[in-house]
Amino acid sequence: MVCCTTKAVNRPYVCVEYGDQKRISKVAEGKGKKSIWDQKFDFEIDQPIDENNSSFRKLVFHVMDKHKLSDDGYVGEATIHVKDVVLMGMEKGEATLESRKYRVVREDKSYTGDISAAISFKTPEIEIKRKRRYKGLQLGRRGHVEVLLEFAGGPAEVCRSCDGMGSVPLFSVSRSDTHREEGDESDERWPLVAGLT
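Numbering (our numbering), first residue to last: 1 to 197.
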């Protein structure tokens with residue numbers, strides 16, 4: 001969910017970056033505070049967060065204003081640091097940051113508006129079966145980041161699209177692995193997590 005509150009923006013769209021991957025939204029319906037997006041983007045993840053590369057620890061929203069006859073206008077950007085929610089999700093299977101406002105600023109740090117975003121991280125359950133016995137759930141090292149841009153209006157309007165739990169999925173990372181071959185009796189210990197839903 002994204003809310004751009006600057007009134008100067010007539011045809012906003014967003015370029016979303018995670019690491020070296022980029023996704024571009026459509027031009028929003030409505031203007032300024034009433035800008036509406038209803039899109040979902042996936043970002044592939046093939047390894048855990050890289051401690052040495054800060055770009056994999058944040059989600060960056062570049063807000064642009066679409067112009068018909070000239071270059072698009074740069075409104076500003078908002079950065080959401082996702083390292084903690086991703087690491088917590090890896091440990092617990094799921095983690096969520098409720099919707100809140102993030103400042104949209106230009107390169108000189110001048111304020112141009114706000115966006116509202118809710119972020120969630122989820123890992124899929126993977127049943128590991130060997131010799132027809134349930135062995136547990138494993139967290140893998142591959143997956144995707146899912147970004148959902150919905151509508152403008154701020155936190156008060158978020159509940160209209162909630163899932164009943166008071167949160168809107170915006171950023172979800174899921175990871176999966178292939179399982180060991182049946183009959184593999186090696187004593188290699190795998191990290192198992194139980195009780196995920």
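Note that CB positions come from ideal geometry on N, CA and C, so glycine has one too.
{"query": "So G76 and T112 are supposed to be a Cβ contact under 8 Å. How far apart are they, rounded?", "result": "4 Å"}
{"query": "Give me the DSSP bridge partner(s) of G93.", "result": "In the DSSP output, where bridge partners are listed per residue, G93 has none listed."}
{"query": "Are the CB atoms of I115 and L97 nearer to each other than 7 Å?", "result": "no"}
{"query": "Which term fits S99, buried or exposed, when burial requires 16 or more other beta carbons within 10 angstroms of its beta carbon?", "result": "buried"}
{"query": "What is the DSSP secondary structure of R103, reduced to helix, strand or coil?", "result": "strand"}
{"query": "Give me the DSSP bridge partner(s) of M64.", "result": "Y13 and Y74"}
{"query": "Hey, could you find the ends of the beta strand (DSSP E) K22 is sitting in?", "result": "Q21 to I24"}
{"query": "Do V16 and V63 count as a contact pair if the criterion is CB distance below 7 Å?", "result": "no"}
{"query": "Rounded to whole angstroms, what is the Cα-Cα separation between T91 and T79?", "result": "Note that residue 91 corresponds to Glu in the displayed sequence, not to Thr. Going by the C-alpha atoms only, they are around 24 Å apart."}
{"query": "Hey, how far is the Cα of A117 from the Cα of V86?", "result": "16 Å"}
{"query": "Would you identify the three-state DSSP class for D84, choosing helix, strand or coil?", "result": "helix"}
{"query": "Given a cut-off of 7 Å, decide if G89 and F121 are closer than it, judged by their beta-carbon atoms.", "result": "yes"}
{"query": "Tell me the DSSP bridge mates of D108?", "result": "None; D108 has no bridge partner."}
{"query": "If you run the structure through DSSP and keep just helix, strand and coil, what is W190?", "result": "Confidence is the limiting factor: at W190 the pLDDT is only 32, short of 50, which leaves the residue's position unreliable and the question unanswerable from this model."}
{"query": "From the DSSP output, which residues share a beta bridge with A260?", "result": "Only positions 1 to 197 of the chain appear in the structure, and residue 260 is not among them; the question remains open."}
{"query": "If distances are taken between C-alpha atoms only, which option among F61, Q21 and A28 comes closest to K101?", "result": "F61"}
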